[in-house]
Amino acid sequence: MAFKLSKNAMNMAYGLGASVVIIGALMKIIHQDLNLGLFTITGNTMLTIGLVTEALVFVIFAFDFPGEDLDWTIVYPELGGGIGGPKPTPEGMLTKKLDSMLAQAKVDVSLMSSLSNSIKDFEASAKSGANSASELAKINKEFANNAVQLQKQMESLSNNLESLNSVYGGVLSAMNKK
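What follows is the structure in structure tokens.
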């Protein structure tokens, strides 16, 4: 008695059946009738039609057999009673790959030690350069401050010189009048 309907036909049957139930329930809740000209469908009638349709959908669903199950023992042999081997961890695989890459590149302990020393020397040089840059920044700041003070003093000197020139001009004009 097994008959097979396509998945699309089954999905359409489920959707249509559910929509009739929902419309019938809505009509019942809001007490609305559907007037089709020749006859009128009440909310009770629509809900009854929807529930019967839904029951038919469940009958159809009873014949909707699931597809073939996948054989998971191929991927996971322990599911079939077989013994699964130890799964390689990502860390283990990376370590082996790194070891083989280092062996191919002929990198040994002495080379790594030399690299470590070079990095430490580079770090010391960088710190020294940073300290020198800091000292230069301080000197530049002091120079800028001194330049500002020099500018103020030059303005004061210029004002004093102007005052002195006007006084000297007054003395000269007084001497010329005598």
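All the letters of the sequence shown, read from the start, carry residue numbers 4 to 181 under my numbering.
Ideal placement from N, C-alpha and C gives every residue a C-beta, glycine not left out.
Suppose contacts are defined by Cβ-Cβ distances below 8 Å. Is residue i in contact with residue j by that definition?
| i | j | result |
| --- | --- | --- |
| A21 | E57 | yes |
| L50 | A65 | no |
| G46 | H34 | yes |
| I44 | D36 | yes |
Excluding the 5 residues flanking residue i on each side, which residues of the same chain have their C-beta closer than 7 Å to its C-beta?
| i | result |
| --- | --- |
| V60 | A16, Y17, G20 |
| N120 | none |
In the structure shown, what three-state DSSP assignment does residue i receive?
| i | result |
| --- | --- |
| T45 | coil |
| L37 | strand |
| K57 | Position check: residue 57 holds Glu in this sequence, whereas Lys was assumed. It is helical. |
| K31 | helix |
| E158 | helix |
| I77 | coil |
| E145 | helix |
| F64 | helix |
| E71 | coil |
| S9 | coil |
I'd like to know if residue i contacts chain C, where contact means its C-beta is closer than 8 Å to some C-beta of that chain.
| i | result |
| --- | --- |
| S159 | In the structure shown, chain C cannot be found, because there is only a single protein chain. |
Can you give me the Cβ contacts of residue i inside the same chain, cut-off strictly under 8 Å, excluding the 5 residues immediately before and after it?
| i | result |
| --- | --- |
| V24 | L50, G53, L54, T56, E57 |
So, for residue i: in the same chain, excluding its five sequence neighbours on each side, which residues have a beta-carbon less than 6 Å away from its beta-carbon?
| i | result |
| --- | --- |
| M30 | G46, M49 |
| L164 | none |
Is it a yes or a no for the stretch 61–79 touching the stretch 34–52, going by three-plus beta-carbon pairs under 8 Å?
-> no
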